[in-house]
Amino acid sequence: MSNSQSSACLIHASRLPCTPRTLKHDVLTTTMLHCGSRISKLCRSPVAPPFNFPRRLLIKFEFSSLFQAKGLNTSDEESDEFLPWLERKARTKISSMLSIGKSAYGRSLFASENIRTGDCILKVPYSVEITPDNLLPKIRAILSDKIGTVSKLAIILLFERKMGQSSGWAPYICCLPQHGEIHSTIFWSEYELNMICQSSVYQETVNQKAKIEKDFAAVVPALQQFPDLESITLQDFMCAYFSVTSRAWESTKGLSLIPFTDFMNHDGVSKSIVLFDDDKMFSEVIADRNYAPGEEVLINYGKFPNAMLLLDFGFTVPYNIHDQVQIQLSIPHDDNLREMKLELLQHLTPKIKDAVGFNCPEDTFIIKEVRSPRGKGKGLPQALRAFARLLCCNSSQELSDLAMESAQIDGRLARRPLKDSRREFKAHKMLSSHITQLMQKYDTAIKSLPVNSPSMSNTFTLRRQMAHDLLTGELRVLKSASIWLNNYCAVLKSTSNCRSQWKNRI
0 MSNSQSSACL IHASRLPCTP RTLKHDVLTT TMLHCGSRIS KLCRSPVAPP FNFPRRLLIK
60 FEFSSLFQAK GLNTSDEESD EFLPWLERKA RTKISSMLSI GKSAYGRSLF ASENIRTGDC
120 ILKVPYSVEI TPDNLLPKIR AILSDKIGTV SKLAIILLFE RKMGQSSGWA PYICCLPQHG
180 EIHSTIFWSE YELNMICQSS VYQETVNQKA KIEKDFAAVV PALQQFPDLE SITLQDFMCA
240 YFSVTSRAWE STKGLSLIPF TDFMNHDGVS KSIVLFDDDK MFSEVIADRN YAPGEEVLIN
300 YGKFPNAMLL LDFGFTVPYN IHDQVQIQLS IPHDDNLREM KLELLQHLTP KIKDAVGFNC
360 PEDTFIIKEV RSPRGKGKGL PQALRAFARL LCCNSSQELS DLAMESAQID GRLARRPLKD
420 SRREFKAHKM LSSHITQLMQ KYDTAIKSLP VNSPSMSNTF TLRRQMAHDL LTGELRVLKS
480 ASIWLNNYCA VLKSTSNCRS QWKNRI
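Under numbering that gives the first Met the number 0, the residue at position 256 of the sequence shown is numbered 255, and the numbers go up by one with no gaps.
This is the structure in structure tokens:
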């Protein structure tokens with residue numbers, strides 16, 4: 000997985016209208032697009048999104064010359080037949096500039112001819128997207144109104160798979176992964192999950208599995224009414240559910256699965272856009288630079304940590320620069336000032352939210368890698384340092400002073416260093432000690448990973464490596480925070496000593 004591949008076109012997928020805005024990272028500014036987004040796993044945001052489907056995730060595509068390093072563009076009979084089948088189904092040309100071939104990743108999309116900036120490289124009509132409208136009326140009629148869109152799409156995939164080659168979607172259905180080919184943590188065994196119990200993704204996995212089990216229980220009564228579907232198991236449903244949440248795109252009509260995009264493999268650094276024409280009802284991908292024949296179409300999942308990539312898509316990136324760690328601090332129950340501190344936190348501290356959507360209690364904070372060991376500590380959230388300052392207050396007067404100070408600035412509590420450098424030192428030393436303890440636990444977890452051996456299955460070997468990528472990345476983040484905190488405390492201690500010596504001289 001490369002973090003340095005050249006970028007090509009920005010894809011901001013699907014069709015949900017939104018207000019014009021500047022896309023992040025200075026990639027593109029536009030006021031002309033109807034934009035939407037790719038869908039990822041279950042909704043974990045504190046604020047529920049429209050409909051009942053997963054939180055939104057921008058997916059971006061790019062072209063790169065990876066085929067030179069990963070293998071040549073070769074084809075097989077199934078790949079050769081897929082595009083003609085899709086175009087027959089669509090009754091229109093999908094793409095004359097892309098072809099399906101094989102790379103080290105499996106089936107892939109390649110540029111089949113020279114592409115110039117502004118060329119439409121892919122055009123997919125809504126008629127060949129799988130949507131809830133494809134649900135058979137007899138099934139829809141007996142489904143509860145509480146059944147979400149993801150579950151409906153999962154049922155469609157299950158029904159079409161049961162039909163085998165007689166299904167009108169057979170060429171697409173057979174390309175979807177099966178249970179043994181999916182490595183999202185929701186498919187890991189208890190033993191495998193225990194390898195990552197130190198990471199927050201462990202509990203997120205437990206929560207997601209419980210959500211899927213609940214959704215399955217809700218659709219079982221309907222499935223039992225049809226002989227072809229009554230034998231469907233929870234595992235079958237989980238596979239279909241995963242196929243939807245890892246592949247679906249949000250549209251004005253809900254969610255949809257776009258067959259052709261499944262051949263875009265995850266890699267590279269993105270830059271592209273999907274345009275939507277409301278009158279013609281199709282999606283277009285427009286190139287923003289020239290491409291040579293043979294360059295592979297790759298997909299980038301965004302700037303997300305391995306925890307999210309592993310849970311939502313079943314892969315990790317070695318040395319993921321976007322890794323992050325959840326840490327939790329709490330006010331001790333025996334703290335005499337606990338109630339006053341809790342009240343200050345409730346009224347003066349903004350709620351903590353994870354940028355990628357994991358559920359975070361108000362006493363949970365997200366640490367990212369601190370790049371500069373002696374800089375301003377970017378990566379350590381100000382709210383976390385403020386919480387540490389609050390914890391170290393020993394009198395109601397100190398708390399009142401913090402509240403008064405916050406009221407005089409922007410209303411945020413304890414965002415400025417404490418005037419007493421000794422108390423500022425104590426707050427950050429406490430934080431450093433907490434992170435050191437976490438580092439020791441991560442180090443133990445990494446050393447406890449099973450040693451690779453020939454007797455291990457390929458699946459377990461792969462998942463062990465994913466666990467290693469996850470844990471080492473999060474440990475690296477903790478180490479960067481620890482180094483910065485230790486440097487900050489050293490400066491505070493030196494400053495305090497200098498002041499003491501100056502007073503003694505006086």
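Idealized CB from N, CA, C, for every residue including glycine. Note that the coordinates shown come from a computational prediction; the quantities given were computed from them, not determined experimentally.
Can you look up residue i in the DSSP assignment and give me helix, strand or coil?
i	result
Val-324	strand
Gly-100	strand
Ala-406	helix
Val-200	helix
Glu-338	helix
Lys-92	coil
Ala-110	strand
Phe-236	helix
Glu-283	strand
Phe-364	strand
Trp-84	helix
Trp-248	strand
Glu-473	helix
Ile-211	helix
Val-316	coil
Cys-391	coil
Val-369	coil
Ile-155	helix
Lys-492	helix
Glu-229	coil
Ser-452	coil
In angstroms with no decimal places, state the Cα-to-Cα distance between residue i and residue j.
i	j	result
Pro-258	Val-127	8 Å
Ser-111	Ala-89	20 Å
Ser-166	Phe-312	26 Å
Lys-340	Ser-395	9 Å
Pro-507	Ile-99	Since the first and last residues shown for the chain are 0 and 505, residue 507 lies out of range.
Tyr-487	Arg-384	12 Å
Met-96	Glu-86	14 Å
Glu-229	Ala-153	14 Å
Lys-122	Ile-129	16 Å
Asn-485	Gln-327	20 Å
Lys-23	Asp-333	Because Lys-23 carries a pLDDT of 27, less than 50, the predicted location of this residue cannot be relied on, and no value is offered for it.
Lys-302	His-321	6 Å
Arg-139	Val-218	11 Å
Ala-354	Phe-386	Here the model assigns Ala-354 a pLDDT of 44, short of 50, so the residue's position is not dependable and the matter cannot be decided.
Ile-330	Gln-436	18 Å
Phe-364	Arg-411	16 Å
Gln-381	Arg-388	11 Å
Arg-160	Ala-169	7 Å
Ile-120	Met-307	30 Å
Met-194	His-178	20 Å
Gly-374	Asp-468	27 Å
Below 8 Å CB to CB, which residues in the same chain sit around residue i once its five sequence neighbours on both sides are set aside?
i	result
Tyr-441	Gln-197, Leu-470, Glu-473, Leu-474 and Leu-477
How should residue i be labelled, buried or exposed, when 16 other C-beta atoms within 10 angstroms of its C-beta is the threshold for buried?
i	result
Tyr-290	buried
Ala-489	exposed
Leu-135	exposed
Ser-107	buried
Asn-132	First, the residue type needs correcting, since residue 132 is Asp and not Asn in the sequence shown. Exposed: under 16 other Cβ atoms inside 10 Å.
Gly-376	buried
Val-324	buried
Ile-141	exposed
Glu-189	exposed
Tyr-318	exposed
Glu-338	exposed
Asn-305	buried
Val-149	buried
Ser-94	buried
Ser-432	exposed
Thr-244	buried
Ser-199	buried
Ala-242	One detail in the question is off: residue 242 reads as Ser in this sequence, not Ala. The residue is buried, with at least 16 neighbouring Cβ atoms inside 10 Å.
Ser-447	exposed
Excluding the 5 residues preceding and the 5 following residue i in the sequence, name in chain order all residues of the same chain whose CB lies nearer than 6 Å to its CB.
i	result
Ser-493	none
Ala-480	Ile-366, Val-369, Leu-379 and Ile-434
Ala-444	Gln-197 and Leu-470
Less than 8 Å between CB atoms is the rule here; does residue i satisfy it with respect to chain B?
i	result
Gln-202	The structure shown contains no chain B, having only a single protein chain.
Less than 7 Å between C-beta atoms, sequence neighbours within five positions excluded: which residues of the same chain meet that for residue i?
i	result
Tyr-171	Pro-258
Phe-215	Leu-233 and Phe-236
Ile-155	Ile-129, Asn-133 and Leu-134
Query - the segment 398-405 touching the segment 413-420, judged by at least three CB pairs closer than 8 Å - result: Between the segment 398-405 and the segment 413-420, the count of C-beta pairs closer than 8 Å reaches three or more; the two stretches touch.
Query raised in the report: With a cut-off of 8 Å, do at least 3 Cβ pairs link the segment 180-190 to the segment 204-223?
Result: With the cut-off at 8 Å, the segment 180-190 and the segment 204-223 touch.
Query raised in the report: Touch check for the segment 424-436 and the segment 446-454: three-plus C-beta pairs under 8 Å?
Result: These segments do not touch.
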